[in-house]
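Residue numbers (my numbering): 111 to 698.
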């Protein structure tokens, strides 16, 4: 009985969108993201909570217009944010059969919000600005305010260079923008949208004289004005004023502008000025937006955590908490459900067979894969076994904990996010066999996904964020071969992952043997002896130490220190003889 197609329902070889980009609006991509979205009960509550607040803004100004969505890498916060955007702005999405769906209606049914559709689509008219902050150059757009301003100008059809868009907007206000674009085609034999990329300054210098002559009678005056426009500082107050104007252009009363900022925490990084800028922007949205402008951000950290990391000033935290009154934390259990539904959902006719298999092997399964002395309970039971097989019942949750522990700095987090390895992608890669991994989907019932395979699935990520350990395992430990068909490097890989959360799950022989247990047909005691032999070999070569029954994989530096200690430590026999001689001399 093969894991696929006999046990798993969905084809693991299908292409999936594992990393959601909020600003990718290609119809095929968006349709799949809407169809594949798996809302947990917790997430449905969050959507209802937000939408009810949003609808309340019909009655006038609201102070609950800033939202903070938190969740670690792989928690689904980008998908949540994008779904929220398509729920609020009722976009038409082409389907595979040539028809169209309305995004608000489609998502409202999926999120149990069907009763709110008339209010979202008829009593409010919403425009959403989707921004993925990781796509932008920190040097070009040093503040979030400036970046949002730039994106707003793009949404209005203007240039993505702020100083150019300022003049385009001025020409539009004067009622001559359309004539200006025709003039560019006539004078320069090209469309303005193409010409502005390289020749904006030269063209505008002449255009200001031609179309705004009472202000700029000659090119010298125009040139001076252009230079000044390049120095213009974009303040939160002026941005919110423009956002509110844009909302009122849509509809004086029912128009709404929603700004979605994905990964604001990583964009802020260690920069207190950016945090202060976000605070100032949120303050203006609350004070001056009149409920017509909304700011929704995502971050890996909860709001108190990001503030405490950057500053000890409690006032800043209180200010931000007062602006961002809605906080929606996404939990790891949501990721487990998404992975279970999208990748590991079982065929109906396989559930009974899995239940029978578990019943027949309950004792052996519990003995082999249960984690011992852990600070929290990692359940192994029939239902979880069926839901997550061929993975251990606790694998997805445990790997999320390990991923959080691996990312210790903002730079690590940026690198990890840039690598685009969500939990969904990792499971997908393991099932179908990517990057040299043997496809687990082709295996028979009784085979488990061990943690060295998880290591292999994120190996390229570790090359960037844990290069020292990665190089040791690849270049040094990889030469140590295998014992009884278990590679010594496989034990090192599992140890490396587990020691990142050793305060919760101790790196004992029992736990390492559990996360390396591969085949129900194998004898667990023999397996444990083999793991012990591999650990002994790692100790012998100075790559692992054991203290109080817990193992630790060493870095190059620690390995060298350990080697020097061993070289300079007298042999026990020699030391024993020296003590005997000393005692004999004293007695004499």
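Don't be surprised by glycine CBs; every beta carbon is placed ideally from N, CA and C.
Whole-angstrom distance between residue 604 and residue 631, CA atom to CA atom
Along the chain shown, one-based indexing puts residue 631 at 521. Along the chain shown, one-based indexing puts residue 604 at 494. Within the model, the alpha-carbon separation for residue 631 versus residue 604 is close to 21 Å.
With a 10 Å radius around its C-beta and 16 neighbouring C-beta atoms as the bar for buried, classify residue 530 as buried or exposed.
Sequence index remark: in the chain shown, residue 530 carries index 420 (1-based). With a pLDDT of 45 at residue 530, under the threshold of 50, the modelled position of that residue is not reliable, and the figure given next carries that caveat. Classification for residue 530: exposed.
Go ahead and label residue 114 buried or exposed: buried means 16 or more other beta carbons lie within 10 angstroms of its beta carbon, across all protein chains shown.
Within the chain shown, numbered from 1, the residue matching residue 114 stands at position 4. It counts as buried.
With DSSP as the reference, label residue 629 as helix, strand or coil.
Against the chain shown, residue 629 aligns to sequence position 519. Strand at residue 629.
Where DSSP assigns a beta bridge to residue 242, which residues make up the other side?
Stepping through the chain shown from its first residue, residue 242 is reached at position 132. According to DSSP, residue pairing for residue 242 in a beta bridge involves 372.
Residues in its own chain within less than 7 Å of residue 224 by CB, not counting five upstream and five downstream?
As a working mapping, residue 224 is identified with position 114 in the chain shown. 218, listed in sequence order.
On the DSSP letters alone, give me the boundaries of the alpha helix (DSSP H) that residue 603 sits inside.
Within the chain shown, the letter at position 493 stands for residue 603. Under the DSSP assignment, residue 603 falls in the alpha helix (DSSP H) whose first and last residues are 598-609.
Could you check the C-alpha separation between residue 386 and residue 469 for me, to the nearest Å?
Indexing the chain shown from 1 puts residue 386 at position 276. Indexing the chain shown from 1 puts residue 469 at position 359. Approximately 58 Å, taken between the alpha carbons.
What is the rounded straight-line gap between the Cα of residue 502 and the Cα of residue 617?
Taking the chain shown and counting its residues from 1, the one referred to as residue 502 is at position 392. Taking the chain shown and counting its residues from 1, the one referred to as residue 617 is at position 507. Each residue's alpha carbon lies about 17 Å from the other.
Rounded C-alpha distance that separates residue 432 from residue 413:
On the chain shown, residue 432 is found 322 positions in, with the first residue counted as 1. On the chain shown, residue 413 is found 303 positions in, with the first residue counted as 1. Taking the straight line from one Cα to the other gives about 11 Å.
Fully enclosed by the region 528-554, which alpha helix (DSSP H) runs are 4 residues long or longer?
Counting only runs of 4 or more, we get 533-542.
How would you write the range of the beta strand (DSSP E) that residue 404 sits in, first residue to last?
Residue numbering aside, residue 404 sits at position 294 when the chain shown is read from its first letter. It spans 403-409 - the beta strand (DSSP E) in which residue 404 sits, taken as one unbroken run.
Looking at residue 511: is its Cβ nearer than 7 Å to the Cβ of residue 148?
Your numbering for residue 511 matches position 401 in the chain shown. Your numbering for residue 148 matches position 38 in the chain shown. No, the Cβ-Cβ distance between residue 511 and residue 148 is not below 7 Å.
With distance defined between alpha-carbon atoms, name the residue in 345, 285, 194 and 339 nearest to residue 322.
The count along the chain shown starts at 1 and reaches residue 322 at position 212. 285 is the residue among 345, 285, 194 and 339 whose C-alpha sits nearest the C-alpha of residue 322.
Would DSSP call residue 366 helix, strand or coil?
As a first step, residue 366 must be located in the chain shown, where it is residue number 256. Of the three classes helix, strand and coil, the one that applies to residue 366 here is strand, per DSSP.
Going by beta-carbon coordinates alone, are residue 129 and residue 532 separated by less than 7 Å?
Stepping through the chain shown from its first residue, residue 129 is reached at position 19. Stepping through the chain shown from its first residue, residue 532 is reached at position 422. A Cβ-Cβ contact shorter than 7 Å links residue 129 with residue 532.
Would you mind sorting residue 346 into buried or exposed? The rule is 16 or more other CB atoms within 10 Å of its CB.
Here residue 346 is taken as the residue at index 236 of the chain shown, counted from 1. Sixteen is the threshold: when 16 or more other Cβ atoms of the shown chains lie within 10 Å of the Cβ of residue 346, as they do, the residue is buried.
Which listed residue (260, 116, 122 and 226) has its alpha carbon closest to that of residue 449:
Start at 1 with the first residue of the chain shown, and residue 449 comes out as number 339. Distances from the alpha-carbon of residue 449 to those of 260, 116, 122 and 226 put 122 closest.
Where residue 515 and residue 650 are concerned, what is the direct C-alpha to C-alpha distance, given to the nearest angstrom?
Working through the chain shown from its first residue, we reach residue 515 at position 405. Working through the chain shown from its first residue, we reach residue 650 at position 540. For residue 515 and residue 650, the gap between their C-alpha atoms comes out near 28 Å.
Enclosing beta strand (DSSP E) for residue 211 [first to last residue]:
The residue given as residue 211 occupies position 101 in the chain shown. Taken as a continuous stretch (DSSP letters only), the beta strand (DSSP E) holding residue 211 covers 210-212.
Going by DSSP, which residues form a beta bridge with residue 177?
What you label residue 177 is simply residue 67 of the chain shown in a count that begins at 1. 406 and 436, per the DSSP bridge assignment.
From the DSSP output, in three-state form, read off residue 111 for me.
Here residue 111 is taken as the residue at index 1 of the chain shown, counted from 1. In this structure, residue 111 counts as coil in the three-state DSSP scheme.
Enumerate in chain order the residues of its own chain whose CB-to-CB distance from residue 261 is below 7 Å, with the five nearest sequence positions on each side excluded.
Walking along the chain shown from the start, residue 261 turns up at place 151. Spatial neighbours of residue 261 in its own chain (CB-CB distance under 7 Å, excluding positions within 5 residues in sequence) are listed in chain order as 239 and 241.
Between 189, 638 and 563, which lies nearest to residue 594 when the distance is taken from Cα to Cα?
On the chain shown, position 484 is the one that residue 594 refers to. For the set 189, 638 and 563, the Cα lying nearest the Cα of residue 594 is the one of 638.
8 Å CB neighbourhood of residue 222 in its chain, flanking five on each side removed:
On the chain shown, residue 222 is found 112 positions in, with the first residue counted as 1. Cβ within range, chain order: 154 and 158.
Would you say residue 403 and residue 367 are within 7 Å of each other, going by their C-beta atoms?
For this step, residue 403 is matched to residue 293 along the chain shown. For this step, residue 367 is matched to residue 257 along the chain shown. Residue 403 is a Cβ neighbour of residue 367, given a cutoff of 7 Å.
Within a Cβ cutoff of 8 Å, which residues of the same chain sit near residue 536, ignoring the five residues on either side of it in sequence?
Translated into the one-based positions of the chain shown, residue 536 becomes position 426. Only 509, 564, 567 and 568 meet the Cβ criterion.
What is the DSSP secondary structure of residue 480, reduced to helix, strand or coil?
The residue given as residue 480 occupies position 370 in the chain shown. Three-state DSSP puts residue 480 in coil, outside helix and strand.
Answer with buried or exposed for residue 697, where buried requires no fewer than 16 other C-beta atoms within 10 angstroms of its C-beta.
Within the chain shown, the letter at position 587 stands for residue 697. Note that residue 697 scores a pLDDT of 44, beneath 50, so its modelled location is shaky and nothing firm can be said.
Measuring CB to CB, does residue 561 end up less than 7 Å from residue 487?
Against the chain shown, residue 561 aligns to sequence position 451. Against the chain shown, residue 487 aligns to sequence position 377. For the pair residue 561 and residue 487, the CB atoms are not nearer than the 7 Å cut-off.
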